[in-house]
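S.K.:
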Ligand code: FES
Ligand code: FES
């Protein structure tokens, strides 16, 4: 990868399902990193609605990007400070990877869960890519908060 | 209470409303047009995105008095009879919607983008600011490219 860019990978299992995520991240401006590509592979035992499962995994990657890089909440005297999408920086189109692949493994048995299956793997893959691209070891998230 | 006339999705309408009532409230609560969604009320989520004289607006930030005599188009006015707009058809072909809440606004933003920029690049598509909390952005991108090919 060019300087300032890196790949990150991560793996996660829950509810009888497993998922792997690879992202490519451009952190040439560390304050405005961009995931440029995401590849997800999932084994959920039995994909009941494959197109829906792909969409769910894509959404999970957007959650992983958001919580790792930029979208958090401040608790101030017991109340959430953020009041709307103006200050809760959930990913917009400009933060989404323009290249995206989802691979579903062939059926192996009973259906597992896939509600938020992809989130931990995506969040960790983004953090790993950021660490590698910037030579830092972030320990507090979101990184830009 | 003042009264305002405008064209809504091709039909003349008249509403009695305070001058500063946001168009979104007029559409949803007075006229029963609920395609434009209420997400924030302050112009940042863009779930309410519609068109005023063919250009994108956020009706939660536009007072009804600014719409007098003008053309308001919501998602309900995009199709021609049973013939879906190419952007709507692309959305179905790509299975874009998840929960669906943001999607009327996303489609209206995409139609406005394609009017300004008939062959948008990824960087042009990145300019769309509508939030999708389900994270459907990649399929939105694919659907816009499909529709651009068909409209072009
Ligand atoms: S309701 Fe959020 S922009 Fe209008
Ligand atoms: S489809 Fe659920 S918010 Fe966009």
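Residue numbers (the working numbering), protein chains in the order written: chain C, 577 to 721; chain Y, 117 to 268.
Beta carbons are placed, not taken as given, at the ideal position from N, Cα and C, and that holds for glycine.
Here the structure is a predicted model, which is why all the values come from computation and not from measurement.
Take the Cβ of residue 587/C as the centre, count every other Cβ of all protein chains shown within 10 Å, and call the residue buried at 16 or more, exposed below.
M.R.: Here residue 587/C refers to the residue found at position 11 of the first chain. The residue is exposed, with fewer than 16 neighbouring Cβ atoms inside 10 Å.
S.K.: Are the C-beta atoms of residue 164/Y and some chain C residue less than 8 Å apart?
M.R.: Here residue 164/Y is taken as the residue at index 48 of the second chain, counted from 1. No, no contact with chain C.
S.K.: Look at the Cβ atom of residue 218/Y, then the Cβ atom of residue 247/Y, and state whether they are nearer than 8 Å.
M.R.: Looking up residue 218/Y in the second chain gives position 102. Looking up residue 247/Y in the second chain gives position 131. Closer than 8 Å, so yes.
S.K.: Relative to ligand 1, is the shortest distance from any of its heavy atoms to the C-beta of residue 637/C smaller than 7 Å?
M.R.: In the first chain, the residue the question calls residue 637/C occupies position 61. No; taking the cut-off as 7 Å, the Cβ of residue 637/C has no heavy atom of ligand 1 nearer than that.
S.K.: Just the chain Y side, please: which residues come within less than 7 Å of residue 670/C by C-beta, in chain order?
M.R.: In the first chain, counting from the first residue as 1, residue 670/C sits at position 94. Going along chain Y in sequence order, the residues near residue 670/C (Cβ under 7 Å) are 242.
S.K.: Measuring straight from C-alpha to C-alpha, what distance separates residue 128/Y and residue 141/Y?
M.R.: Indexing the second chain from 1 puts residue 128/Y at position 12. Indexing the second chain from 1 puts residue 141/Y at position 25. Roughly 18 Å between the two C-alpha positions.
S.K.: Check for me: the beta strand (DSSP E) holding residue 214/Y runs from which residue to which?
M.R.: Within the second chain, residue 214/Y is the residue found at index 98, counting from 1. Premise fails: residue 214/Y is in no beta strand (DSSP E) and is neither H nor E.
S.K.: Could you give the uninterrupted runs of the beta strand (DSSP E) lying entirely in the region 152-230 of chain Y, keeping only those of 3 residues or more?
M.R.: 166-168, 171-173, 187-189
S.K.: Does the separation of the CB atoms of residue 126/Y and residue 193/Y fall below 8 Å?
M.R.: Here residue 126/Y is taken as the residue at index 10 of the second chain, counted from 1. Here residue 193/Y is taken as the residue at index 77 of the second chain, counted from 1. With respect to the 8 Å criterion, residue 126/Y and residue 193/Y are classified as neighbours on the basis of their beta carbons.
S.K.: Do residue 590/C and residue 705/C count as a contact pair if the criterion is CB distance below 8 Å?
M.R.: Walking along the first chain from the start, residue 705/C turns up at place 129. Walking along the first chain from the start, residue 590/C turns up at place 14. Not closer than 8 Å, so no.
S.K.: Thinking residue 614/C and residue 673/C are a contact (beta carbons under 8 Å), I'd like their distance in whole angstroms, please.
M.R.: Taking the first residue of the first chain as 1, we reach residue 614/C at position 38. Taking the first residue of the first chain as 1, we reach residue 673/C at position 97. Between residue 673/C and residue 614/C the Cβ distance is about 4 Å, and since that is below 8 Å, they are a contact.
S.K.: What's the call for residue 135/Y, buried or exposed, on a 16-neighbour Cβ count within 10 Å?
M.R.: Your numbering for residue 135/Y matches position 19 in the second chain. By the neighbour-count rule (16 or more Cβ atoms within 10 Å), residue 135/Y is not buried but exposed.
S.K.: Tell me whether residue 165/Y is buried or exposed, calling it buried when 16 or more other Cβ atoms sit within 10 Å of its Cβ.
M.R.: Reading the second chain from its first residue, position 49 is the one you call residue 165/Y. Residue 165/Y is buried by the Cβ-count criterion.
S.K.: Under DSSP, the beta strand (DSSP E) around residue 610/C begins and ends at which residues?
M.R.: Here residue 610/C corresponds to residue number 34 of the first chain, with the count starting at 1. Segment 610-619, the beta strand (DSSP E) holding residue 610/C.
S.K.: Quick check on this structure: which residue in 220/Y, 252/Y, 258/Y has the alpha carbon closest to the alpha carbon of residue 237/Y?
M.R.: If you number the second chain from 1, residue 237/Y lands on position 121. Ranking 220/Y, 252/Y, 258/Y by Cα distance to residue 237/Y puts 258/Y first.
S.K.: Give the DSSP bridge partners of residue 138/Y, in chain order.
M.R.: As a first step, residue 138/Y must be located in the second chain, where it is residue number 22. Paired residue(s): 179/Y.
S.K.: Between which two residues does the alpha helix (DSSP H) holding residue 644/C run?
M.R.: What you label residue 644/C is simply residue 68 of the first chain in a count that begins at 1. Residues 626-645.
S.K.: Would residue 631/C count as contacting chain Y if we go by Cβ distances under 8 Å?
M.R.: Along the first chain, read from residue 1 onward, the residue named residue 631/C stands at position 55. Closer than 8 Å to some Cβ of chain Y, the Cβ of residue 631/C qualifies, so yes.
S.K.: Apart from the five residues on each side of it in sequence, which residues of its chain come closer than 6 Å, Cβ to Cβ, to residue 118/Y?
M.R.: Taking the first residue of the second chain as 1, we reach residue 118/Y at position 2. 135.
S.K.: Can you give me the Cβ contacts of residue 228/Y inside the same chain, cut-off strictly under 7 Å, excluding the 5 residues immediately before and after it?
M.R.: As a first step, residue 228/Y is located in the second chain; it is residue number 112 there, counting from the start. So the list reads 167, 171, 172, once near-sequence residues are dropped.
S.K.: From the DSSP secondary-structure annotation, give me the bridge partner or partners of residue 661/C.
M.R.: Along the first chain, read from residue 1 onward, the residue named residue 661/C stands at position 85. DSSP lists no partner for residue 661/C.
S.K.: Between residue 208/Y and residue 152/Y, what straight-line distance do the alpha-carbon atoms span, to the nearest angstrom?
M.R.: Numbered from its first residue, the second chain carries residue 208/Y at position 92. Numbered from its first residue, the second chain carries residue 152/Y at position 36. If you take the alpha carbons of residue 208/Y and residue 152/Y, they lie about 19 Å apart.
S.K.: Taking the continuous alpha helix (DSSP H) assigned at residue 702/C, which residues delimit it?
M.R.: On the first chain, position 126 is the one that residue 702/C refers to. Its alpha helix (DSSP H) spans residues 694-710.
S.K.: If we ignore side chains and look at the alpha-carbon of each, how far apart do residue 138/Y and residue 241/Y end up?
M.R.: What you label residue 138/Y is simply residue 22 of the second chain in a count that begins at 1. What you label residue 241/Y is simply residue 125 of the second chain in a count that begins at 1. Near 28 Å, if we compare the C-alpha coordinates of residue 241/Y and residue 138/Y.
S.K.: Would you say the beta carbon of residue 215/Y comes nearer than 7 Å to a heavy atom of ligand 1?
M.R.: As a position in the second chain, residue 215/Y is number 99, starting the count at 1. No, Cβ of residue 215/Y sits at least 7 Å from all heavy atoms of ligand 1.
S.K.: Counting pairs of Cβ atoms below 8 Å between the region 660-672 of chain C and the region 686-695 of chain C, do you hit three or more?
M.R.: No: the two stretches stay apart, fewer than three of their Cβ pairs being nearer than 8 Å.
S.K.: Ligand 2 and residue 252/Y: does the residue's C-beta get closer than 7 Å to at least one heavy atom of that ligand?
M.R.: Along the second chain, one-based indexing puts residue 252/Y at 136. Yes; taking the cut-off as 7 Å, the Cβ of residue 252/Y has a heavy atom of ligand 2 nearer than that.
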